[in-house]
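Colleague:
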Amino acid sequence: MGHHGWQGNPPGTEDEARRRIVEAATACIDRAGLTKTSLSDVATEAGITRQTVYRYFPSLADILRAVAMAGVEEFAARMERHLSAFDTAEDAAVESVVFAVRTVPNEPYLGLLFQAGEADFMTAGVTSPLSFSQGARILRNLPVDWAAAGVADDELDGLAQMLMRLFISFLQYPSTPALSDDELRALVRRWIGPALSPTWTGGFGV
Numbered sequence: 029m030g031h032h033g034w035q036g037n038p039p040g041t042e043d044e045a046r047r048r049i050v051e052a053a054t055a056c057i058d059r060a061g062l063t064k065t066s067l068s069d070v071a072t073e074a075g076i077t078r079q080t081v082y083r084y085f086p087s088l089a090d091i092l093r094a095v096a097m098a099g100v101e102e103f104a105a106r107m108e109r110h111l112s113a114f115d116t117a118e119d120a121a122v123e124s125v126v127f128a129v130r131t132v133p134n135e136p137y138l139g140l141l142f143q144a145g146e147a148d149f150m151t152a153g154v155t156s157p158l159s160f161s162q163g164a165r166i167l168r169n170l171p172v173d174w175a176a177a178g179v180a181d182d183e184l185d186g187l188a189q190m191l192m193r194l195f196i197s198f199l200q201y202p203s204t205p206a207l208s209d210d211e212l213r214a215l216v217r218r219w220i221g222p223a224l225s226p227t228w229t230g231g232f233g234v
């Protein structure tokens with residue numbers, strides 16, 4: 029598999045090789061920052077040549093994507109902990125959007141996708157069936173009576189999809205002037221809240 033170098037400890041599988049390159053990139057970014065991290069730096073950190081890095085990642089951008097996505101599970105766990113304080117469907121939905129919009133840009137690794145101009149890649153990742161399923165899992169774990177809000181268990185994937193598409197839109201196309209947390213919260217609540225009311229019939233009358 030071309031395990032040249034590797035500081036005398038070659039990986040046993042392709043997946044392990046990729047993981048170790050991602051770990052090396054993470055270490056470089058932590059130490060020097062994104063703008064001062066090059067593919068050569070990553071190769072040196074991993075104890076391999078640039079050519080070996082290219083066997084697993086065609087470019088530095090691909091490595092950055094992998095670094096960012098490695099932080100998804102930890103981010104999802106923190107979001108779930110934050111949302112566990114809300115016990116109504118409306119509050120949980122609204123706060124999920126506000127939390128993501130305010131938190132993702134400052135994430136040490138997820139934020140890399142925006143810093144490196146890779147927002148489109150993040151959009152593709154977040155709007156995948158797997159991400160919708162993970163989002164539904166978070167919603168399902170919350171202390172919310174979804175049935176009372178008119179949301180069946182098999183509809184949580186759809187709700188997760190709408191919320192994730194919404195926060196991605198706010199991230200990629202921020203409001204001008206910027207909205208405060210309370211303004212964002214009020215906006216999302218006004219248009220998402222009614223759909224999570226058990227008395228909602230599909231209209232948005234005032």
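Take the sequence shown: its letter number 179 is residue 207 in our numbering, and every next letter is one higher.
By construction, the Cβ of each residue, glycine as well, lies at the ideal position given by its N, Cα and C atoms.
1. So the candidates are Glu51, Glu108 and Gly61; which of them puts its Cα closest to the Cα of Ala71?
2. If you reduce the DSSP assignment to three classes, tell me which class Tyr201 lands in.
3. State yes or no: is the C-beta of Gly75 nearer than 8 Å to some heavy atom of the ligand SAM?
4. Could you give the DSSP three-state label for Leu224: helix, strand or coil?
5. Taking the alpha carbon of Ser156 as the point to measure from, which residue in Arg193, Ala175, Asn169 and Leu184 has its own alpha carbon closest?
6. With DSSP run on the structure shown, which of helix, strand or coil describes Phe232?
7. Go through its chain and collect everything with a Cβ distance to Arg78's Cβ below 8 Å, but skip five positions before and after it.
8. Between which two residues does the alpha helix (DSSP H) holding Pro157 run?
9. Residue range of the alpha helix (DSSP H) that Glu102 falls in?
10. Quick test of your reading: Ser112 and Leu170, contact by CB under 8 Å. State the CB separation rounded to the nearest angstrom.
11. Mapping the DSSP letters down to three states, classify Asn37 as helix, strand or coil.
12. Report yes if the C-beta distance between Ala121 and Leu191 is below 9 Å; otherwise report no.
Modeller: With the structure as the only source:
1. As a working note, residue 71 is residue 43 in the sequence shown. The residue with the shortest Cα to Cα distance from Ala71 is Glu51.
2. The residue labelled residue 201 in the question sits at position 173 within the sequence shown. Correct three-state label for Tyr201: coil.
3. Among the components modelled here there is no ligand, and therefore nothing to report on the ligand SAM.
4. Numbered from its first residue, the sequence shown carries residue 224 at position 196. Leu224 falls in the helix class under three-state DSSP.
5. Locating residue 156 in the sequence shown gives position 128, counting from the first residue. Here the closest residue by C-alpha is Arg193.
6. The sequence position of residue 232 within the sequence shown is 204, counting from 1. For Phe232, the predicted structure reports a pLDDT of 47, less than 50, and the residue's modelled location is therefore unreliable. The matter cannot be settled from this model.
7. Taking the first residue of the sequence shown as position 1, residue 78 is located at position 50. Counting only Cβ-Cβ distances below 8 Å, and skipping sequence neighbours, we find Leu67, Ser68 and Ala71.
8. Residue numbering aside, residue 157 sits at position 129 when the sequence shown is read from its first letter. Start and end: Pro157 to Asn169.
9. Against the sequence shown, residue 102 aligns to sequence position 74. Here the alpha helix (DSSP H) through Glu102 covers Val100 to Leu111.
10. In the sequence shown, counting from the first residue as 1, residue 112 sits at position 84. In the sequence shown, counting from the first residue as 1, residue 170 sits at position 142. Their Cβ separation, rounded to whole angstroms, is 6 Å, which keeps Ser112 and Leu170 in contact under 8 Å.
11. Locating residue 37 in the sequence shown gives position 9, where the first residue counts as 1. Of the three classes helix, strand and coil, the one that applies to Asn37 here is coil, per DSSP.
12. Here residue 121 refers to the residue found at position 93 when the sequence shown is read from its first residue. Here residue 191 refers to the residue found at position 163 when the sequence shown is read from its first residue. Going by C-beta atoms, Ala121 is nearer than 9 Å to Leu191.
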